[in-house]
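Counting from 245, one number per residue, gives the positions in the sequence shown under our numbering.
Where is the CB? At the ideal position from N, CA and C, for every residue including glycine.
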Amino acid sequence: MLKVVLDTNVFIAAYFNRKSASARIIDLCLENKHKLIFSSRLRKEVKLILKNVRAERGFHEMIRSLFMNASKVKPIQKVFMVKEDPEDNKFLECALEGKADYLITSDRHLLELGEFAQTKICKPTQFL
């Protein structure tokens with residue numbers, strides 16, 4: 245079972261296209277094929293974004309279930325790898341603390357890194 249950190253853009257893509265690679269990755273986590281790693285900061289951001297896009301109740305329930313079966317970490321080490329968008333460092337911090345195998349994102353600042361510590365960084369389509 246691979247440990248994965250999902251950028252919030254993965255949740256947004258999954259919401260807008262339930263047949264997307266992002267949606268399939270979320271489904272695989274729900275099926276316990278992969279383990280989602282998250283921090284309270286990441287979860288808050290996902291909740292806020294889903295509220296902003298006015299996601300349907302069913303999607304909220306699915307994401308709540310996803311987080312209930314995931315592993316929560318509390319990042320200790322601060323990371324300063326992404327200078328262009330420092331907010332993106334929270335995903336790296338989470339991946340580092342949770343010893344994630346993959347950070348899945350569509351964010352070019354993160355994708356440009358390719359890898360961080362032991363974590364591979366890739367697009368949803370590359371992960372599948």
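Could you name the residues of the same chain whose beta carbon sits closer than 7 Å to that of residue i, not counting the 5 residues immediately before and after it, in chain order?
i	result
K247	K279, I281, G342, K343, A344, D345
L355	T349, I365, K367
Given residue i, which residues of its chain have a CB within under 8 Å of its CB, disregarding the five upstream and five downstream residues?
i	result
V317	I281, F282, S283, C338, E341, G342
Can you tell me where the alpha helix (DSSP H) with residue i in it begins and where it stops?
i	result
L294	284-296
F334	A quick correction: the sequence has Lys, not Phe, at residue 334. 333-342 is the span of the alpha helix (DSSP H), which, as asked, contains K334.
L272	265-274
Can you check which of these residues, the options, is closest to residue i by C-alpha distance?
i	options	result
K327	R298, F335, H353, K367	H353
N276	M245, D332, Q370	M245
D271	F303, L294, K295, V290	F303
M312	E331, A257, C273	C273
D351	E331, A299, S315	E331
I320	L336, L310, D329	L336
Y259	F360, I307, V249	I307
How would you write the range of the beta strand (DSSP E) that residue i sits in, first residue to last?
i	result
T349	Looking at the DSSP string, T349 is not in any beta strand (DSSP E), and its letter there is neither H nor E.
I256	That residue, I256, is in no beta strand (DSSP E); its alpha helix (DSSP H) goes 252-260.
Buried or exposed: residue i, going by 16 or more other Cβ atoms within 10 Å of its Cβ?
i	result
F255	buried
L286	buried
F324	exposed
D251	buried
Excluding five sequence neighbours on each side, which residues of the same chain lie with their C-beta closer than 6 Å to the C-beta of residue i?
i	result
A265	P368, T369, L372
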